[in-house]
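For reference, the structure discussed in these notes is given below.
Chains as they are written, first to last, in our numbering: chain A, 1061 to 1583; chain B, -16 to 231.
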């Protein structure tokens, strides 16, 4: 499926950092991360990384009860962990960052439709393949001009996942490739409404998103073959051998065949891979049927509201709690640090002024995503591995401190210089003058934009999903993908954001009104 | 409570052009002195140096037995004038009342913060001063609600709350209606009666003539002519004085 790492900011920055600070050369794992087998043995737990936004049938939230993760890879991870005498614990991570998170030590294995490809072996170890599948082309049913062969896709708009084998096949064939960062259903939705002429994706995705749509048609035949493997930390030969052994046992005793059959995923490619052991004839594709029943036919809106949405509320509530917690913590840091920076810039000696100005320009002038990536993925290369929440808090707080410092500066410069002079001639020290005379007047100017910043921070906090935190936006994207419902759930998540931001907007107006009472300058 | 300024020199921090060039003044306790002069004669520089907002390069100021010498850095200058803190007050041209504080709090902030006075002590003094200046009913008002003349008297009360020996005024009549100018003279005399030395920097010759015991005409950073109003205005020997009187 969505294969090889997108050549995005994450990788770019890792490589930049790695080039400058190569403390841990080819090993990939930051210093202090133990071998995976030792970690699994010590904790009795195998943490495995996957992205539930990827959707069915890999790892996704059960559309009937999104509080549970299901998928054939969930079952596979559990079977694998059992073989290693451990429990399986899923860890959410952005799909195109899974290998970085793995190297960082956030989980012991990455197991989420990771394509076995040579270029990947430079940064991780790969197990033997556990599943193989064809690339399948899907077109609109009855579209006479639809491309139905690899030759025909030349010059046509074809949708797929970024960095995948399918994308490379399409590029070689001269298609106009359109890639998607969201869930798979977006890709097929665009095909149905005519934004693309075809979709090329791995067979499992085609079965779960393309084949179930009566408006679409899967072109017979294979357009390429792909195999999935489990990724382990670079150099961890012991764990790779153990996973290979466990997968071999699962293939030999029929567990894998049975598992794939339940999910409706059994195919010739996998049969060949597993040595021809077909699933027993009594195994029914119950998991696939449950998916079809849940999302095959879109339910009317009010039915969804009544039957499906109540179960999403705990998921949204957990996301909202994370959003609120990280936003409040980050804002507290931004307010305090911003004050130090602003005062340093306004009243400090020149080196402090210079530092403060540099800080503001640096943090205002570079994308938050890059700052977050450097804190989370970059610092471990220097031996500092932060907890995801701490990394998110730090990156958001440091970034917004620059914005707050600018607010305070605007506030300070709105107070006429004569006010400070007057305070000084009365004998007040600079500090006393700031605290009692300039500060209260500056606050009136600085507080309303600071509240706006907080509301902006609530929304920017969605970026912490790249460091494995599942906040409100990530909760929505995951749910929308597994329940195939963007509009209704979108309205619901918007409601949650409003519930979070409206109290602060009201608070801002209240403060403004209160502080503004005696501050119109008539002199 | 006299103030004595000896050979004060000061150049502009940016340009280095001399602003004060050996300026000397001697004002006895309880007197009202008016400092006149064209723009650029050094009046504002003199005020800022006296209250410690700017440091001066050479010379000295002596107030009430405390002497400050010029020549230090800006910061040292400020520390030096901290010794004078409260001994010299300034009433700003634009008053610079604290808009977020009530009239009473404007007057009590500095005594409480700087002298560490108990609030009740500061408030009692502030109320007495406001009463004397005809503002007894305004203690709860905020500056935005006051007229120009009222603001000026609050600024005076605020400065007096620190119990200064010397009170300076920067252009005290420029922001006032002509009808209020006489009131300024009355206020000056009321305060003079308490023994406080007052220096007004002004363009306003009638006010200087009415209210001042002593006139200093500044020209190019020095005292060009000084004496009683009768002496100075009666015999404008120096061209600068003559130019002021002719309104040129």
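The beta carbon of each residue, even a glycine, is placed where N, CA and C say it ideally should be. Being a predicted model, the structure only gives us computed values, none of them experimental.
Hey, how far is the Cα of residue i from the Cα of residue j?
i                      : j                      : result
residue 1509 (chain A) : residue 1474 (chain A) : 14 Å
residue 180 (chain B)  : residue 10 (chain B)   : 8 Å
residue 1123 (chain A) : residue 1546 (chain A) : 13 Å
residue 211 (chain B)  : residue 1404 (chain A) : 50 Å
residue 29 (chain B)   : residue 1435 (chain A) : 55 Å
residue 1329 (chain A) : residue 1194 (chain A) : 7 Å
residue 1590 (chain A) : residue 1264 (chain A) : Only positions 1061 to 1583 of chain A appear in the structure, and residue 1590 (chain A) is not among them; the question remains open.
residue 1319 (chain A) : residue 1132 (chain A) : 7 Å
residue 109 (chain B)  : residue 1561 (chain A) : 45 Å
residue 1390 (chain A) : residue 1372 (chain A) : 27 Å
residue 204 (chain B)  : residue -14 (chain B)  : 18 Å
residue 1084 (chain A) : residue 1100 (chain A) : Reliability of the predicted coordinates at residue 1084 (chain A) is poor, the pLDDT of 38 falling under 50, and no value is obtained from them.
residue 115 (chain B)  : residue 1559 (chain A) : 56 Å
residue 1348 (chain A) : residue 1543 (chain A) : 14 Å
residue 1261 (chain A) : residue 1197 (chain A) : 7 Å
residue 1357 (chain A) : residue 1536 (chain A) : 21 Å
residue 194 (chain B)  : residue 1416 (chain A) : 51 Å
residue 1529 (chain A) : residue 1158 (chain A) : 13 Å
residue -12 (chain B)  : residue 126 (chain B)  : 34 Å
residue 1568 (chain A) : residue 1454 (chain A) : 25 Å
residue 1310 (chain A) : residue 1140 (chain A) : 8 Å
residue 1438 (chain A) : residue 1522 (chain A) : 20 Å
residue 1254 (chain A) : residue 1458 (chain A) : 44 Å
residue 71 (chain B)   : residue 1406 (chain A) : 27 Å
residue 178 (chain B)  : residue 91 (chain B)   : 22 Å
residue 1480 (chain A) : residue 1512 (chain A) : 28 Å
Check each candidate in the options and name the one with the smallest Cα separation from residue i.
i                      : options                        : result
residue 160 (chain B)  : B:132, B:26, B:48              : B:132
residue 206 (chain B)  : B:4, B:214, B:70               : B:4
residue 26 (chain B)   : B:182, B:229, B:99             : B:182
residue 1597 (chain A) : A:1250, A:1505, A:1150, A:1181 : Since the first and last residues shown for chain A are 1061 and 1583, residue 1597 (chain A) lies out of range.
residue 219 (chain B)  : B:204, B:203, B:199            : B:199
residue 150 (chain B)  : B:124, B:-1, B:-5, B:74        : B:74
residue 1426 (chain A) : A:1214, A:1400, A:1463         : A:1463
residue 261 (chain B)  : B:216, B:141, B:43             : With chain B covering only -16 through 231, there is no way to say anything about residue 261 (chain B).
residue 1270 (chain A) : A:1200, A:1367, A:1189         : A:1200
residue 1149 (chain A) : A:1167, A:1155, A:1218         : A:1167
residue 1212 (chain A) : A:1229, A:1295, A:1429         : A:1229
residue 1278 (chain A) : A:1440, A:1315, A:1129, A:1257 : A:1257
Quick check on the burial criterion: 16 or more other C-beta atoms within 10 angstroms. Buried or exposed for residue i?
i                      : result
residue -3 (chain B)   : exposed
residue 49 (chain B)   : exposed
residue 1414 (chain A) : exposed
residue 1361 (chain A) : exposed
residue 104 (chain B)  : exposed
residue 79 (chain B)   : buried
residue 274 (chain B)  : Residue 274 (chain B) lies beyond the residue range present for chain B, which begins at -16 and ends at 231; the question has no answer from this structure.
residue 155 (chain B)  : buried
residue 35 (chain B)   : buried
residue 1333 (chain A) : buried
residue 1086 (chain A) : Because the pLDDT at residue 1086 (chain A) is just 37, under 50, the model does not fix this residue reliably, and the value given afterwards should be weighed accordingly. By the 10 Å Cβ count, residue 1086 (chain A) comes out exposed.
residue 1082 (chain A) : Its pLDDT being 37, under 50, residue 1082 (chain A) is placed unreliably by the model, and the measurement read from it follows with that caveat. Residue 1082 (chain A) comes out exposed.
residue 1570 (chain A) : exposed
residue 1297 (chain A) : exposed
residue 1223 (chain A) : buried
residue 1525 (chain A) : buried
residue 1293 (chain A) : buried
Would you list the one or two residues that DSSP bridges to residue i?
i                      : result
residue 1150 (chain A) : A:1108
residue -12 (chain B)  : B:8, B:44
residue 1217 (chain A) : A:1236
residue 199 (chain B)  : B:18, B:209
residue 1038 (chain A) : Any property of residue 1038 (chain A) remains undetermined from this structure, which presents chain A solely from 1061 to 1583.
residue -7 (chain B)   : B:3
residue 52 (chain B)   : B:43
residue 180 (chain B)  : B:149
residue 1170 (chain A) : A:1109, A:1291
residue 1130 (chain A) : A:1120
residue 1115 (chain A) : A:1119
Query raised in the report: Given a limit of 7 Å on CB to CB distance, which residues of the region 1480 to 1506 of chain A reach chain B?
Result: Using a CB distance below 7 Å, the part of the region 1480 to 1506 of chain A facing chain B consists of 1481, 1482, 1484, 1485, 1486, 1487, 1488, 1492, 1496, 1497, 1500, 1501, ordered along the chain.
**Report entry** Residues, ordered as in the chain, of the region 79 to 97 of chain B that lie near chain A by beta-carbon distance below 7 Å
**Finding:** Of all residues in the region 79 to 97 of chain B, those with a C-beta nearer than 7 Å to a C-beta of chain A are 79, 80, 81, 82, 83, 92, 93, 96, 97, reading in chain order.
Requested in this report: With 9 Å as the C-beta to C-beta threshold (strictly closer), list the residues of the region 30 to 59 of chain B near chain A in chain order.
Outcome: Residues are counted here when their Cβ sits less than 9 Å from a Cβ of chain A; for the region 30 to 59 of chain B these are 31, 34, 35, 36, given in chain order.
Query raised in the report: Between the region 1463 to 1479 of chain A and chain B, which residues of the former have CB atoms less than 9 Å from a CB of the latter, in chain order?
Result: Flagged, chain order: 1476, 1478, 1479.
Requested in this report: Identify each residue in the region 145 to 161 of chain B for which the Cβ-Cβ distance to at least one residue of chain A is less than 8 Å, and report them in chain order.
Outcome: Listed by position along the chain: 145.
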